[in-house]
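Asks: For the record, in the sequence shown the residue sitting at position 42 is 42 according to UniProt numbering, with numbers rising by one throughout.
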Amino acid sequence: MLEDLKKRLVKIAKYADSQGLCKHKSGNFSIRDEKSGYILVTPSAVSREELNKNHICVVDMDSNLIEVHEKVRPSSELLMHIEVYKCRPDVKAIVHTHSKFATAFSVVSKEIPPIVYEIVNVIGGDGRIKISPYKRPGTIELAKSIIGVIKNDNACLMANHGVLTVSSKDIEDAYLKAAYVEEVAEIYYNALQINRGEEPELIPEQELELWKYPDEINY
């Protein structure tokens, strides 16, 4: 069932691990199949080195396991994925990582402001990577806590936890958003260090709203 989507999910999960966005069995990834409505999600407690398509769990929107070919359980964060899909019918894929710089900002409850232009096109909204309140991982409380942010934005820092990104396109785009979040978090951290703790100048919101593809390029 949904073999091609399983392969894509495994590929992204392994790549995220290789790029340092999540280590030691941490993080989780999912895709929603448009036709069936089923969710494909990575399993709990399986290392990325061992992960293959037979570990991918297929579940429905009521958290019922539909299919899996190995003796594993869906990610303990499945409820969070389901709540996002319920809140955002446009979302087709979700990536949750524990990348170091972004998670560090989540630990100190500090949102990441729009310091580079490109992030707005990735995150949406006003370009700020906002923080949802701390709730215990794996709980319905955590699942619901991120909705206040993710209903409007495509990325969220979860307090003392990590990063969640969503895409209305595909799992590859959701991964790209998570990678951008980590990159901007590192840039912001370095800017604060260089500036001796002083906030760098932000890009004004009205400026962020003006971007468009150049008319001078003919295609």
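For each residue, glycine too, the CB sits at the ideal point set by N, CA and C.
Distance, Cα to Cα, E183 vs V120?
Replies: Those two C-alpha atoms are separated by around 13 Å.
Asks: By Cβ distance below 7 Å, which residues in the same chain neighbour V149 in space, the five residues on each side in sequence not counted?
Replies: Excluding sequence neighbours, V149 sits near K130, S132, C156.
Asks: Is there contact here, the region 133 to 143 with the region 165 to 174, by at least three beta-carbon pairs under 8 Å?
Replies: Short answer: they don't touch.
Asks: Helix, strand or coil, according to DSSP, for V158 in the structure here?
Replies: The identity of residue 158 in the sequence shown is Met, whereas the question assumes Val. DSSP places M158 in strand when its eight states are reduced to three.
Asks: Give the secondary structure of I140 by DSSP, where H, G and I count as helix, E and B as strand, and everything else as coil.
Replies: I140 falls in the helix class under three-state DSSP.
Asks: Residues in the same chain with beta-carbon distance under 7 Å from V107, minus the five sequence neighbours each way, listed in chain order, please.
Replies: Around V107: N160.
Asks: Given D17, which residues of its chain have a CB within under 6 Å of its CB, disregarding the five upstream and five downstream residues?
Replies: Here the set comprises R48.
Asks: Would L202 and P89 be called neighbours here (beta carbons separated by less than 9 Å)?
Replies: For L202 and P89, no; Cβs fall outside 9 Å.
Asks: Rounded to the nearest angstrom, what separates K6 and K144 at their Cα positions?
Replies: Their Cα atoms are separated by approximately 26 Å.
Asks: Return the residue from the list I39, R73, I147, H69 that minimises the CA-CA distance to K135.
Replies: Nearest option by C-alpha distance: I147.
Asks: Looking at C-alpha atoms only, which residue of I66, Y175, I123 is the closest neighbour of G27?
Replies: The option with the nearest alpha carbon to G27 is Y175.
Asks: From the DSSP output, which residues share a beta bridge with T97?
Replies: DSSP lists V163 as partners of T97.
Asks: Going by DSSP, what residue range makes up the beta strand (DSSP E) through N190?
Replies: Segment 171 to 194 is the alpha helix (DSSP H) holding N190; no beta strand (DSSP E) there.
Asks: Taking its Cβ as the centre, do 16 or more other Cβ atoms sit within 10 Å of A102, making it buried, or is it exposed?
Replies: Buried, since its Cβ has 16 or more Cβ neighbours within 10 Å.
Asks: What does DSSP give as the partner residues of V41 in its beta bridges?
Replies: Answer by DSSP bridge pairing, in chain order: S30, C57.
Asks: Decide yes or no for the touch test of the region 29 to 49 against the region 193 to 208: beta carbon pairs closer than 8 Å, at least 3 of them.
Replies: With a cut-off of 8 Å, the region 193 to 208 and the region 29 to 49 do not count as touching, because too few Cβ pairs lie within range.
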